[in-house]
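Here is the structure we will look at.
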Amino acid sequence: MNKNWGKRTKLVHAGTRRSQYGEVSEAIFLTQGFVYETAEDAEARFIKAGEDEFIYARYGNPTVRMFEERMAALEGCEDAFATASGMSAVNSALMSIVSAGDHVVSSRALFGSCLYILEDVLPRFGVDVTFVDGRDLAAWKAAIRPDTKAVFLETISNPTLEVIDIAAVCDLAHAVGALAVVDNVFATPIYSRALESGADLIVYSATKHIDGQGRCLGGVVLGSRDLIRGKIEPFTKHTGGALSPFNAWVMLKSMDTMDLRVRAQSATAQAVAGALEGHEKLTRTIYPHLPSHPQYALARKLMEEGGTVLSIDIRGGKDAAFKFLNALEIFIISNNFADSKSIVTHPATTTHQRLSEDQRATLGITPGLVRVSCGLEDTDDLIGDLMQALQAI
Ligand SMILES: Cc1ncc(COP(=O)(O)O)c(C=O)c1O
1 MNKNWGKRTK LVHAGTRRSQ YGEVSEAIFL TQGFVYETAE DAEARFIKAG EDEFIYARYG
61 NPTVRMFEER MAALEGCEDA FATASGMSAV NSALMSIVSA GDHVVSSRAL FGSCLYILED
121 VLPRFGVDVT FVDGRDLAAW KAAIRPDTKA VFLETISNPT LEVIDIAAVC DLAHAVGALA
181 VVDNVFATPI YSRALESGAD LIVYSATKHI DGQGRCLGGV VLGSRDLIRG KIEPFTKHTG
241 GALSPFNAWV MLKSMDTMDL RVRAQSATAQ AVAGALEGHE KLTRTIYPHL PSHPQYALAR
301 KLMEEGGTVL SIDIRGGKDA AFKFLNALEI FIISNNFADS KSIVTHPATT THQRLSEDQR
361 ATLGITPGLV RVSCGLEDTD DLIGDLMQAL QAI
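Sequential numbering of the sequence shown, starting at 1, is according to the numbering used here.
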């Protein structure tokens with residue numbers, strides 16, 4: 001791999017390992033284990049496996065390794081470890097670096113399952129977690145203490161699209177020796193500036209833009225070789241969060257087109273947000289690259305485009321939102337996003353249902369809020385579908 005390759009070249013070629021057959025398309029090594037020539041060979045491999053030597057698919061697999069190396073090349077990180085899902089990546093990243101008695105500061109605007117790990121799981125293991133409004137740098141500053149081990153945030157929050165100044169938060173974390181763990185799903189691996197902003201561990205749900213076609217769960221943690229091999233690998237390989245080789249292969253095939261897909265979907269999302277803004281049936285249209293977004297300038301600095309997802313708040317609350325969802329003809333009702341098929345989600349009753357009403361109110365997850373993920377269909381068809389469904393309310 002040439003480090004000077006552009007993103008698209010890396011997405012197609014980085015990390016490729018060819019077998020003795022010289023296959024063009026990446027091979028799926030759908031095998032849990034590997035045969036050793038001799039008992040001595042097995043012993044030696046358990047002591048230290050070489051670059052091209054594998055032991056057991058929970059530890060590593062050639063197809064999974066291709067996916068890890070391609071992601072590391074794309075993100076500009078030294079190394080990566082693939083996981084069974086985005087949540088497995090978040091869990092591994094946090095559980096690998098904190099211990100009982102440690103303190104963690106987290107943004108409060110989190111995806112429901114991320115919140116579960118920080119609010120329920122970590123405290124059960126003696127980790128003290130302080131939540132802050134991620135947009136408020138003074139709040140981060142006040143919460144970070146000398147014993148803070150890690151900070152956690154979603155660069156752009158799900159589903160209210162709050163934008164966090166990751167460079168400033170990483171600086172505050174590093175000043176006390178804490179690690180910055182960044183869930184970068186909404187920023188996408190295409191527009192990511194997490195590494196240059198100072199993130200120590202970058203986490204993706206590969207289920208989103210990386211697969212991008214609604215087929216497989218997957219995740220990945222990226223960072224320095226020391227952190228990935230020293231912390232993430234031992235924890236993940238012994239606790240069973242490995243990515244399936246089949247899913248790694250699907251992700252690899254998807255990466256060929258990821259740049260094209262994400263750019264096309266982001267252009268559509270920008271056009272959709274522009275068309276919906278100010279609509280009489282909406283109280284808000286939230287999209288990071290709309291000038292009306294409260295953190296527009298920061299969002300422009302962090303991301304070359306605004307991403308593939310917007311949120312809208314429908315006048316009339318849950319009833320009106322449900323009427324709108326049920327009237328859509330092209331958008332499907334589901335809970336994933338960043339898919340080639342456009343998807344609408346009602347967070348208050350699905351992805352963020354387990355939050356208390358107070359928590360939802362604090363985060364702006366109102367009964368009328370609908371998350372709109374733009375796919376690869378014709379932009380005009382999507383705008384037409386949204387407009388006719390708004391008329392149907
Ligand atoms: C911000 C964020 N992090 C993590 C995840 C979890 O990903 P997965 O569903 O692949 O476990 C999601 C899923 O929606 C998410 O939105």
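We treat Cβ as the ideally placed atom computed from N, Cα and C, and that holds for glycine. Quantities reported herein were computed from a predicted structural model and do not represent experimental measurements.
Test item: CB-CB of residue i and residue j under 8 Å
i      : j      : result
Lys149 : Leu172 : no
Asp211 : Ser254 : yes
His289 : Glu305 : yes
Ala93  : Ala80  : no
Thr155 : Phe186 : yes
Tyr59  : Gln32  : no
Asp313 : Leu282 : yes
Met1   : Leu252 : no
Ala89  : Tyr204 : yes
Gln213 : Ser96  : no
Ala167 : Ser197 : yes
Val400 : Ile228 : Residue 400 lies beyond the residue range present for the chain, which begins at 1 and ends at 393; the question has no answer from this structure.
Val121 : Phe152 : no
Asp147 : Ala139 : no
Gly368 : Gly317 : yes
Residue i beta carbon near ligand 1 (any heavy atom closer than 7 Å)
i      : result
Asn158 : yes
Phe81  : no
Leu86  : For the record, residue 86 in the displayed sequence is Gly; it is not Leu. Yes - ligand 1 has a heavy atom lying nearer than 7 Å to the Cβ of Gly86.
Thr207 : yes
Phe322 : no
Gly219 : yes
Glu329 : no
Ser113 : yes
Val182 : no
Glu162 : no
Glu75  : no
Val35  : no
Ala90  : Looking at the sequence shown, residue 90 is not Ala but Val. Because some heavy atom of ligand 1 lies under 7 Å away, the Cβ of Val90 counts as near it: yes.
Val105 : no
Val250 : no
Glu23  : no
Glu154 : yes
Val185 : yes
Which residues DSSP lists as bridging residue i, in chain order
i      : result
Thr148 : His103
Phe81  : Val221
Ser311 : Ile286, Arg371
Ile333 : Val344
Val163 : Ile156
Thr409 : The structure shown does not extend to residue 409, since the chain is modelled only from 1 through 393, so no value can be given for it.
Tyr56  : Gly33
Tyr116 : None, per the DSSP bridge assignment.
Cβ distance (whole Å) where residue i is taken to contact residue j below 8 Å
i      : j      : result
Leu195 : Asp165 : No, Leu195 and Asp165 are not in contact; Cβ-Cβ is about 16 Å, not under 8 Å.
Pro159 : Leu74  : Contact flag wrong, Cβ pair sits at about 25 Å.
Gln247 : Leu201 : Per the sequence shown, residue 247 should be read as Asn rather than Gln. The Cβ separation is near 21 Å, so there is no contact.
Cys374 : Val262 : Cys374 to Val262, Cβ: 11 Å. No contact.
Val370 : Phe324 : 7 Å
Pro245 : Thr63  : 4 Å
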